[in-house]
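In my numbering, the protein residues as written are 37 to 259.
A virtual CB, placed ideally from N, CA and C, is assigned to each residue, including glycine.
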Amino acid sequence: RVSYKNRVPLLEIERAPITGIDALLKGALDYSVGCLALALSLPLMLFIAAGLYLIGRRPIIQDLAVLGKNGVPYTSRRFQAERPQSEPWPRGRAFGKFLYDSGLEKLPQLWNVVRGTTSLVGPRPVDPHDASMYQEWLSNLLSLKPGMTGARASSSQSVLTLEQEMRLELYYARNYSIWLDLQILFQTFVRILRRERVARASDVSPQEPARPDWYVSIFPSQH
């Protein structure tokens with residue numbers, strides 16, 4: 037269903053967007069790739085933990101209370117990193133910034149993927165304290181598992197407004213396929229190599245979102 041906010045069309049999901057064989061395939065992809073990635077990344081995570089310990093960052097891993105699918109709360113984890121809104125680190129700033137820019141701070145979330153509370157691809161986890169800012173989007177976001185990455189990684193922009201990000205995430209939910217997940221994972225891997233992270237802008241004024249390649253291929257006349 038399409039609704040409008042400030043004359044901008046918004047997609048609204050009226051049912052569980054990923055069901056049946058799609059849900060089985062997505063679950064299988066999450067578990068198999070999650071287990072493999074967790075095993076392969078253990079040496080890297082130990083290296084990151086040692087680096088954070090040596091520069092005196094405590095705690096090394098942060099526990100974050102977030103809302104999962106259907107609003108069920110769970111604990112998401114990430115390495116400490118120097119985030120844009122945080123106080124500058126007195127030591128190891130380059131290391132902390134690298135963890136944030138590359139997205140390697142999210143590696144502990146692979147454990148959440150294996151446990152089934154997080155998906156490899158999905159919307160950003162919702163902080164309960166920020167739930168009100170999502171307004172009419174919240175119920176749609178909570179119909180999906182949160183993801184380590186999402187449709188936002190397909191954008192050609194490095195900064196998205198909240199509304200731009202929501203439109204991409206809702207388009208993903210309405211047009212889900214296992215191939216779409218694989219494409220987003222590939223694009224995320226490329227962004228990690230380039231250290232190009234997609235950030236959310238504080239400005240939430242409605243603007244036309246950058247169309248990802250898979251969107252343009254389906255709706256070329258709208259690009």
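Here the C-alpha atom of P124 lies approximately 33 angstroms from the C-alpha atom of W173. If you compare the alpha carbons of V149, L229, Q98, L90 with that of P126, the shortest gap goes to L90. Between the C-alpha atoms of I54 and L206 there is a straight-line separation of about 12 angstroms. Closest by C-alpha distance to V150, out of G158, C71, A130, is C71.
Rounded to whole angstroms, the Cβ separation of P161 and V102 is 4 angstroms, and the two are in contact under 8 angstroms. DSSP places L103 in the uninterrupted beta strand (DSSP E) bounded by 97-103. Cβ contact annotation for D99 (same chain, cutoff 7 angstroms, sequence separation greater than five): T111, R113, in chain order. R94 and Y136 have their alpha carbons spaced roughly 16 angstroms apart. If one requires a minimum length of 4 residues, the alpha helix (DSSP H) runs lying completely within the segment 109-169 are 129-138, 145-151, in chain order. Using a Cβ distance threshold of 8 angstroms, P182 and S213 do not count as a contacting pair.
With fewer than 16 other Cβ atoms inside 10 Å of its own Cβ, F225 counts as exposed.
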